[in-house]
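J.: Chains as they are written, first to last, in our numbering: chain U, 19 to 378; chain S, 19 to 378. Structure incoming, see below.
Number of protein chains: 2
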Amino acid sequence: MTDSVRMSLAQVHDTARRLLLAQGFSEPHAEAIANTVTAAERDECRHHGLFRIAFYVNALKAGQASGEAEPTLTDLAPAIVRVDGHNGFSPLPLERGHAPLVERARAQGIAALAVNNALNVAALWPEVERLADDGLVAFAFVSAIPYVAPYGGIKPVFGTNPMAFAWPRPGRHPLVFDQASSMSARGEIQIRMRDGKPLEPGWAIDADGNPTTDGKAALAGAQLPFGGAKGSAIAMMVELLAGPLIGDVLSVEAGERDVAKTGAPCGGELVIAIDPTKAMPNGDLARQAEHAERLFSMILEQEGTRLPSDRRYRARERTTKEGVDVPASLHASLMELLAGRYSGARADYEGDPETGKSAA
Amino acid sequence: MTDSVRMSLAQVHDTARRLLLAQGFSEPHAEAIANTVTAAERDECRHHGLFRIAFYVNALKAGQASGEAEPTLTDLAPAIVRVDGHNGFSPLPLERGHAPLVERARAQGIAALAVNNALNVAALWPEVERLADDGLVAFAFVSAIPYVAPYGGIKPVFGTNPMAFAWPRPGRHPLVFDQASSMSARGEIQIRMRDGKPLEPGWAIDADGNPTTDGKAALAGAQLPFGGAKGSAIAMMVELLAGPLIGDVLSVEAGERDVAKTGAPCGGELVIAIDPTKAMPNGDLARQAEHAERLFSMILEQEGTRLPSDRRYRARERTTKEGVDVPASLHASLMELLAGRYSGARADYEGDPETGKSAA
Chain U
19 MTDSVRMSLA QVHDTARRLL LAQGFSEPHA EAIANTVTAA ERDECRHHGL FRIAFYVNAL
79 KAGQASGEAE PTLTDLAPAI VRVDGHNGFS PLPLERGHAP LVERARAQGI AALAVNNALN
139 VAALWPEVER LADDGLVAFA FVSAIPYVAP YGGIKPVFGT NPMAFAWPRP GRHPLVFDQA
199 SSMSARGEIQ IRMRDGKPLE PGWAIDADGN PTTDGKAALA GAQLPFGGAK GSAIAMMVEL
259 LAGPLIGDVL SVEAGERDVA KTGAPCGGEL VIAIDPTKAM PNGDLARQAE HAERLFSMIL
319 EQEGTRLPSD RRYRARERTT KEGVDVPASL HASLMELLAG RYSGARADYE GDPETGKSAA
Chain S
19 MTDSVRMSLA QVHDTARRLL LAQGFSEPHA EAIANTVTAA ERDECRHHGL FRIAFYVNAL
79 KAGQASGEAE PTLTDLAPAI VRVDGHNGFS PLPLERGHAP LVERARAQGI AALAVNNALN
139 VAALWPEVER LADDGLVAFA FVSAIPYVAP YGGIKPVFGT NPMAFAWPRP GRHPLVFDQA
199 SSMSARGEIQ IRMRDGKPLE PGWAIDADGN PTTDGKAALA GAQLPFGGAK GSAIAMMVEL
259 LAGPLIGDVL SVEAGERDVA KTGAPCGGEL VIAIDPTKAM PNGDLARQAE HAERLFSMIL
319 EQEGTRLPSD RRYRARERTT KEGVDVPASL HASLMELLAG RYSGARADYE GDPETGKSAA
C-alpha cells in the first residue's frame, strides 16, 4: 500500500452511496450500506469499509442478492420482532428493525430481533452500539460460511461466528465488543498471505488436520476456534441462535447457497436487547452505569489493559477530523464502479487468497 | 482417595437433606440444596456435589447465609421477573423463579430472571437444563469471588464467571454447556496441588504477573481468562450482567462481603429464556430441533469431537443404576454433620490450598 488517497468521511459516504446506486442498489439499500461502510472506515475497521464494497456489488451482479428488496416486519410475540430481508443485504433490515426492537425492549424489559434472509458481510458492532446509544444492553449473533472446525475435529462446520455485546455508558461511547469465535478473522489470514508472512500457530490446520502456519494450507483446511473447547461451544451456540432458533440456515447451508462464491452469505442474525432500568427495582441507568464504571476502572488502572472498543473510538476521533487514507488501487477500482462500469469488482485488494500475491 | 463409600443417588439426596436440616437449614432450603448436590453427584461433577456441603454449612455457621430466607418474587416488567434470595443460597430462589420464567418466556417470546442476594456455590447447568427440558433455549450468567486478572493485567478483578447455555432436544437430554471464563476452574488448581502436580502453562500468573505453574504462586497471584482478550471480554460481560445490570455486586464486591472467607459469595445471577416456537413464523420445536441435529451430526461424525454435555449424561446413566463412590474422608465428615455436630466443616477434602497436602 504505497499510494493512498485521503478522503473525508463525508466523501466516503457519498462515494459509497453513489457507487451503490450506479451499480443497481435502491436508494434505501445504498444509504444503509453506505452508513455501515462509512462507520467501518471511521473506526478504521478497514475490512468492513470500502474494501467490502466489492462483496456487495459482486453478490448483486451474481444475482444472489436483491438490491431493492424492502424488508418486512412481523411481530412474532410481544417481545420478538422479525425482519425478513428478502435476500437483500443486512444493513437496511437492521436499520428497519432497530426502532421496533428498542420499543419492545423498553415495554417488555427484554426483547429480540430475528433478522432472516439477509446477506451479511458487515461487522456486528454497529447494531449493538446503536442500541446502547439508546440506553439498552445488547447482544448480536451471526453465523457465516463454514471455515472453522469444531474442537477436536478437522472439517469446517462453523463460520467465524461473531458475537457482539454492548453496554451503555451515559455521556460516553458505549462499551462494545464484537469478536469472532475463531482464533483469527478470515481477513487476517489473507493479510498474512499478501505480506508473505506465516500465520500464528494455533490459527489453523491443513486438510489433513495437521497444525499449519501456511496460509494456503489453512484455507484448504480449517480455521480453529479460539480458546479450544470453550470457543468451539460458543461457535456452536452462535450457529443455533442465528440458524435453527430463528428458522434460518446453518453456516454450512449458507455456504451451499453461495453458489457463485461471492463470500456474501445469506442467512439469519439474532439481536437481543435489555432495558437496564427494567432489570432491577427502581432501575436508573446513570446509577447502574456508574457501578459498571467501577469495574472498568479496576481494569484500566492496571498497566497493559484496555477496553475492547477503545481502539475504534480513538480512530473515530482522529478520522472524523482528518479523514481516512484509502489505498490507491482500491480507490481506482471504486471509481470504476462509481462510473457504472462493472467487469468483476475486485474483492482482493488485500491479496489473492489463492496465490498469496499482492493484488497491487 | 483410597477408601470410598458407595451411595445410591437416593441416599445422597437423603443424607444431604437430613444433614442440612440438622445443621439449621429450613426444609425448603435443605430440599433445594439436596436436589442440586444430588444432580451434581449423579453427573459426576464432584466439585458441586457432596464436597460442596461444607461450603453451604460454613457460610450458614459464619452468619453470612440465611438458612431459612423465603425468596420473594417481583415482576419488574412483562418479560423480567426478579427473585430476591434475601441472603439464602441460590438453589431455592432458582427453583421458585423457574415456573414464572417459563411462563413469561412462553407469553412474551423471550424473558429474563434476575436472581439477587443469593449465595451461589453451585453449577449453572441445572437451571438451564431444566429450562431446556421445558422446551426453552436458555442462558445463565454468574460472577463470583475475584480470582481472574483481565487480559493484559495482573490483579484479579473477575470471578471465574461461568456462562451456561442450553438447547432443547426433544426426546433426548438437552445440549448444555456451562463454562468458566477462566482457563481453569479454581478447583482444578486445588486438585493439582493435592496431587503435587504443576498447573498447565497459561492457567495463572504469580503476584508479580509472571507466568507460573506453581499452584501456591497462582493462588497468591491470579488466574487467567481463557482465550486471551476474547475470554476476558466474556468475563467482563458476565460481571456486567450478573452485577450492575440487575442491581447486584461485582465479583470484587462479593469478595469483600465474604468476610469469613467461606468461599460462598453472595450476589446476582441472570437467566434468560427464549421460546423457540416464538422465534420464527409457525415455529415448531420438533422441526427446529431436527435442524439443529444436522449441526450436531456434522460435529459428531468427525473423530475426536463430542458435545459439551455428553460426559455428564454418560455419567448420569451409570450413576442412576450404580450409585456413586464417595471418598471415605468426605463421607466421615458428612456423618459428623448429619449427627448435628459442627466443629468447622471441612471444605478441603480436595487438598489444602495453603500446603498443597492431601487432606486425607
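Ideal Cβ placement from N, Cα and C applies to all residues, glycine included.
Can you tell which of U/P109, U/G171 and U/T56 has its C-alpha closest to the C-alpha of S/E319?
T.: The count along the second sequence starts at 1 and reaches residue 319 of chain S at position 301. The shortest C-alpha separation from S/E319 is found at U/G171.
J.: List the residues that DSSP assigns as beta-bridge partners of U/P180.
T.: The residue given as residue 180 of chain U occupies position 162 in the first sequence. Paired residues: none, contrary to the question.
J.: In terms of residue numbering, what span does the beta strand (DSSP E) encompassing S/H104 cover?
T.: Indexing the second sequence from 1 puts residue 104 of chain S at position 86. Note, S/H104: beta strand (DSSP E), I98 to F107.
J.: Roughly how far, in whole angstroms, is the beta-carbon of U/A184 from the beta-carbon of U/L149, given that I think they are within contact range, below 8 angstroms?
T.: Here residue 184 of chain U refers to the residue found at position 166 when the first sequence is read from its first residue. Here residue 149 of chain U refers to the residue found at position 131 when the first sequence is read from its first residue. At roughly 6 angstroms, the Cβ-Cβ gap stays under 8 angstroms, so U/A184 and U/L149 are in contact.
J.: Count the other CB atoms, across all protein chains shown, that sit within 10 Å of the CB of S/K296; report buried if there are 16 or more and exposed otherwise.
T.: As a first step, residue 296 of chain S is located in the second sequence; it is residue number 278 there, counting from the start. So S/K296 ends up on the buried side.
J.: Could you pull the start and end residues of the beta strand (DSSP E) that S/P345 belongs to?
T.: The residue you call residue 345 of chain S lines up with position 327 of the second sequence. It spans V342 to P345 - the beta strand (DSSP E) in which S/P345 sits, taken as one unbroken run.
J.: At least one CB of chain S closer than 7 angstroms to the CB of U/W221: is that the case?
T.: What you label residue 221 of chain U is simply residue 203 of the first sequence in a count that begins at 1. Cβ-Cβ to chain S under 7 angstroms: no for U/W221.
J.: Output, in sequence order along the chain, the residues in the region 144-160 of chain U whose CB is closer than 7 angstroms to any CB in chain S.
T.: Answer set for the region 144-160 of chain U: V155.
J.: Can you pull the chain U residues whose beta carbon is under 7 angstroms from the beta carbon of S/G245, in chain order?
T.: The count along the second sequence starts at 1 and reaches residue 245 of chain S at position 227. The contacting residues are F244, G245, K248 and G249.
J.: Straight-line CA distance for S/P229 to S/P219?
T.: The sequence position of residue 229 of chain S within the second sequence is 211, counting from 1. The sequence position of residue 219 of chain S within the second sequence is 201, counting from 1. Approximately 7 angstroms, taken between the alpha carbons.
J.: Interface residues of chain S around U/G115 at Cβ under 7 angstroms?
T.: Locating residue 115 of chain U in the first sequence gives position 97, where the first residue counts as 1. Near U/G115 there are no residues of chain S at all, since even the closest Cβ is about 14 angstroms away, more than 7 angstroms.
J.: Please go through the same chain and pick out, in chain order, the residues whose beta-carbon is closer than 6 angstroms to the beta-carbon of S/I128, but skip the five residues on each side of it.
T.: Here residue 128 of chain S is taken as the residue at index 110 of the second sequence, counted from 1. Here the set comprises I292.
J.: Cutting at 7 angstroms between CB atoms, please list the residues of its own chain near U/A365, excluding the five before and the five after it.
T.: The residue given as residue 365 of chain U occupies position 347 in the first sequence. The answer, listed in chain order, is A72, F73, N76 and G281.
J.: Counting only runs of 4+ residues fully inside the region 287-327 of chain U, write out the alpha helix (DSSP H) ranges in chain order.
T.: Correct list: 303-318.
J.: Straight-line CA distance for S/A158 to U/V55?
T.: Here the question's residue 158 of chain S lines up with position 140 in the second sequence. Here the question's residue 55 of chain U lines up with position 37 in the first sequence. So the alpha carbons of these two residues sit roughly 34 angstroms apart.
J.: Using only CA atoms, which one of U/A310, U/Q41 and U/V166 lies nearest to U/G249?
T.: Counting from one through the first sequence, the residue named residue 249 of chain U turns up at place 231. For U/G249, the nearest C-alpha among the options comes from U/V166.
J.: Buried or exposed for U/G261, going by 16 or more other Cβ atoms inside 10 Å?
T.: Within the first sequence, residue 261 of chain U is the residue found at index 243, counting from 1. Buried, since its Cβ has 16 or more Cβ neighbours within 10 Å.
J.: Would you say U/T15 lies against chain S (beta-carbon separation less than 7 angstroms)?
T.: Nothing about residue 15 of chain U can be reported from this structure: the residues present for chain U run from 19 to 378 only.
J.: Could you tell me which residues DSSP puts in a beta bridge with S/A158?
T.: Indexing the second sequence from 1 puts residue 158 of chain S at position 140. Answer is S/A182 and S/V289.
J.: I'd like to confirm the pairing. Which residues does DSSP put opposite S/V194 in its beta bridges?
T.: In the second sequence, counting from the first residue as 1, residue 194 of chain S sits at position 176. Paired residue(s): S/A184.
J.: Just mark U/P190 as buried or exposed, buried being the case when its beta carbon has 16 or more other beta carbons within 10 Å.
T.: Mapped onto the first sequence, residue 190 of chain U falls at position 172. The amino acid at residue 190 of chain U is misidentified as Pro; the sequence shows Arg. Exposed.
J.: Output, in chain order, the set of chain U residues within a Cβ distance shorter than 7 angstroms of S/Q126.
T.: Translated into positions along the second sequence, residue 126 of chain S becomes position 108. Simply A95, P96, A97 and Q126.
J.: Assign U/K215 to one of two classes, buried (16 or more other C-beta atoms within 10 Å of its C-beta) or exposed (fewer than that).
T.: Looking up residue 215 of chain U in the first sequence gives position 197. U/K215 should be labelled exposed.
J.: What residue range does the alpha helix (DSSP H) around U/M25 cover?
T.: What you label residue 25 of chain U is simply residue 7 of the first sequence in a count that begins at 1. No alpha helix (DSSP H) contains U/M25, which is instead part of the beta strand (DSSP E) from S22 to M25.
J.: Give the secondary structure of S/V166 by DSSP, where H, G and I count as helix, E and B as strand, and everything else as coil.
T.: If you number the second sequence from 1, residue 166 of chain S lands on position 148. Residue state, collapsed to three classes: strand.
J.: Below 7 angstroms between beta carbons: does that hold for U/L217 and U/T231?
T.: Here residue 217 of chain U corresponds to residue number 199 of the first sequence, with the count starting at 1. Here residue 231 of chain U corresponds to residue number 213 of the first sequence, with the count starting at 1. Cβ distance < 7 angstroms, so U/L217 and U/T231 count as in contact.
J.: Which residues of the region 291-311 of chain U have a Cβ closer than 8 angstroms to any Cβ of chain S? Give them in chain order.
T.: Those residues of the region 291-311 of chain U that come within reach of chain S (Cβ to Cβ, closer than 8 angstroms) are I292, D293, P294, K296, A297, M298, P299, G301, Q306, A307, H309 and A310.
J.: At the level of alpha carbons, what is the spacing between S/A198 and S/A253?
T.: One-based indexing of the second sequence puts residue 198 of chain S at position 180. One-based indexing of the second sequence puts residue 253 of chain S at position 235. S/A198 and S/A253: Cα-Cα distance of roughly 8 angstroms.
J.: If S/L109 sits next to S/I163, beta carbons under 8 angstroms apart, how far is it from one beta carbon to the other, in whole angstroms?
T.: By one-based count along the second sequence, residue 109 of chain S stands at place 91. By one-based count along the second sequence, residue 163 of chain S stands at place 145. The question names Leu, yet the displayed sequence has Pro at residue 109 of chain S. About 19 angstroms separates the two Cβ atoms, so there is no contact after all.
J.: Our contact map puts U/A136 next to U/C284 with C-beta atoms below 8 angstroms; I'd like the distance itself, whole angstroms only.
T.: Position 118 of the first sequence holds residue 136 of chain U. Position 266 of the first sequence holds residue 284 of chain U. The pair is a contact, with the Cβ atoms about 7 angstroms apart (cut-off 8 angstroms).
J.: By the criterion of Cβ-Cβ separation under 8 angstroms, what are the contact partners of S/R100 in chain U?
T.: Locating residue 100 of chain S in the second sequence gives position 82, where the first residue counts as 1. Neighbours of S/R100 on chain U, chain order: M298 and P299.
J.: If we ignore side chains and look at the alpha-carbon of each, how far apart do S/T69 and S/L348 end up?
T.: Here residue 69 of chain S refers to the residue found at position 51 of the second sequence. Here residue 348 of chain S refers to the residue found at position 330 of the second sequence. Reading off the sequence shown, one finds Phe at residue 69 of chain S, where the question assumed Thr. For S/F69 and S/L348, the distance between alpha carbons rounds to 7 angstroms.
J.: Would U/P62 count as contacting chain S if we go by Cβ distances under 7 angstroms?
T.: As a first step, residue 62 of chain U is located in the first sequence; it is residue number 44 there, counting from the start. Checking the sequence, you will find Glu at residue 62 of chain U rather than Pro. Cβ-Cβ to chain S under 7 angstroms: no for U/E62.
J.: Which of the residues in the region 164-189 of chain U, read from start to end, lie with their CB under 8 angstroms from any CB of chain S?
T.: Cβ contacts with chain S: A167, P168, Y169, G170, G171, I172, K173, V175, F183 and W185.
J.: Among S/A236, S/T92, S/D302 and S/V256, which residue has its Cα nearest to the Cα of S/R114?
T.: Taking the second sequence and counting its residues from 1, one reaches residue 114 of chain S at position 96. Selected option, being the one with the closest Cα: S/T92.
J.: Any beta-carbon of chain U closer than 7 angstroms to the one on S/E274?
T.: What you label residue 274 of chain S is simply residue 256 of the second sequence in a count that begins at 1. Not an interface residue.
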